[in-house]
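Numbering of the sequence shown is given in my numbering, commencing with residue 12 and proceeding in unit increments.
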Amino acid sequence: MLNCDDYEMLAERAQRDALTPEERDVLERHLAECDGCREFAELASSIGGALRQRAGSAGPAPGVAGLRAGFIARLHRRRRDTAIGIAGAAAVIALHSWAYGTEYVGIMIGVLVIGLVVVVFRFQLPRRRRELAALAPDGDLLGTYRTDVELDIKGFRSARSLLPAYFIVGALALAIQPVLLVKQYLFSEELSWRGAIWSFLIFGSLGYKLWRDSYVNLPRLERELDELRS
Ligand SMILES: [Zn+2]
Numbered sequence: 012m013l014n015c016d017d018y019e020m021l022a023e024r025a026q027r028d029a030l031t032p033e034e035r036d037v038l039e040r041h042l043a044e045c046d047g048c049r050e051f052a053e054l055a056s057s058i059g060g061a062l063r064q065r066a067g068s069a070g071p072a073p074g075v076a077g078l079r080a081g082f083i084a085r086l087h088r089r090r091r092d093t094a095i096g097i098a099g100a101a102a103v104i105a106l107h108s109w110a111y112g113t114e115y116v117g118i119m120i121g122v123l124v125i126g127l128v129v130v131v132f133r134f135q136l137p138r139r140r141r142e143l144a145a146l147a148p149d150g151d152l153l154g155t156y157r158t159d160v161e162l163d164i165k166g167f168r169s170a171r172s173l174l175p176a177y178f179i180v181g182a183l184a185l186a187i188q189p190v191l192l193v194k195q196y197l198f199s200e201e202l203s204w205r206g207a208i209w210s211f212l213i214f215g216s217l218g219y220k221l222w223r224d225s226y227v228n229l230p231r232l233e234r235e236l237d238e239l240r241s
């Protein structure tokens, strides 16, 4: 049984005329019923066309294959980020309930986080796509792609500027945990390890994401933008 990732790979290979008639059949049947894959196939096809045109030849020119691979990887990443966002929201609910035993607060936080994820992916991203379409001259898909990368870079740079403040707040929030535990111990209260573990997990994973965006993803995007401009 093929999943949507497999169909995206087929759609990508279809761009290079590398499908057997059977594969083409299977792909077309799936595209008829799956909006996500159809959108992917249309984007892959228009970008593939724009890149070939830019290279001024019908076949893939040097550099073009790399650019297209970058674009395809980017679409995959978007989809993966959605999944991670939703899984993260579920983990926040589960961990919070586990740490504090207050299911209602946990559920409320979870609903807020899931709401945020939905707003970003249902409304923010399509709006951004429309803005991009308006910015790019007709058919200038490469320009659209470049603008998209530039917007991401802008976002990651503002996240990076928040990093020092985040680490100060995070360090304070974490430093207070041992103090709380010592206080609970001295006053013979029940030790609440779970609250401490929850704080470490949340601050740690958010900090890790900020750090990764700033020092791994941002430089990668900057390299990609250099390539697109050359
Ligand atoms: Zn699909």
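The beta carbon of each residue, even a glycine, is placed where N, CA and C say it ideally should be. No experiment lies behind these values; they were computed from the predicted model shown.
Check your understanding: Do W209 and H107 come within 8 Å of each other at the CB atom, strictly closer than that value?
Key -> As a position in the sequence shown, residue 107 is number 96, starting the count at 1. As a position in the sequence shown, residue 209 is number 198, starting the count at 1. Yes, these two residues count as a Cβ contact at 8 Å.
Check your understanding: Taking all protein chains shown into account, do 16 or more other C-beta atoms lie within 10 angstroms of the C-beta of V103, making it buried, or fewer, making it exposed?
Key -> As a working mapping, residue 103 is identified with position 92 in the sequence shown. V103 should be labelled buried.
Practice item. Quick one: grab the DSSP three-state call for P73. Key: Counting from one through the sequence shown, the residue named residue 73 turns up at place 62. Here P73 scores only 43 on pLDDT, less than 50, and its place in the model is too uncertain to base an answer on.
Practice item. Taking only heavy atoms of ligand 1 into account, decide whether any of them is closer than 7 Å to the Cβ of Y18. Key: Your numbering for residue 18 matches position 7 in the sequence shown. Indeed, a heavy atom of ligand 1 lies less than 7 Å from the Cβ.
**Study point:** Own chain partners of A100 with C-beta closer than 7 Å, once the 5 adjacent residues on each side are dropped
**Key:** Looking up residue 100 in the sequence shown gives position 89. Cβ neighbours of A100 beyond the five flanking positions: G121, V124, I125, V128.
Check your understanding: Beta carbon of L174, beta carbon of S225: below 8 Å?
Key -> Translated into positions along the sequence shown, residue 174 becomes position 163. Translated into positions along the sequence shown, residue 225 becomes position 214. Yes, they are a contact pair.
Review point. Between N228 and A105, what straight-line distance do the alpha-carbon atoms span, to the nearest angstrom?
Key: Residue mapping note: residue 228 aligns to position 217 of the sequence shown, counting from 1. Residue mapping note: residue 105 aligns to position 94 of the sequence shown, counting from 1. The alpha-carbon atoms of N228 and A105 are separated by roughly 28 Å.
Practice item. For the alpha helix (DSSP H) containing Y219, list its first residue and its last residue. Key: Residue 219 sits at position 208 when you count from the first residue of the sequence shown. Y219 -> alpha helix (DSSP H) spans 204-223.
Exercise for review: Kindly list the residues whose CB is nearer than 6 Å to the CB of Y196, restricted to its own chain and excluding five residues on each side of it in sequence; keep chain order.
Suggested key: Within the sequence shown, the letter at position 185 stands for residue 196. So no residue of the chain qualifies.
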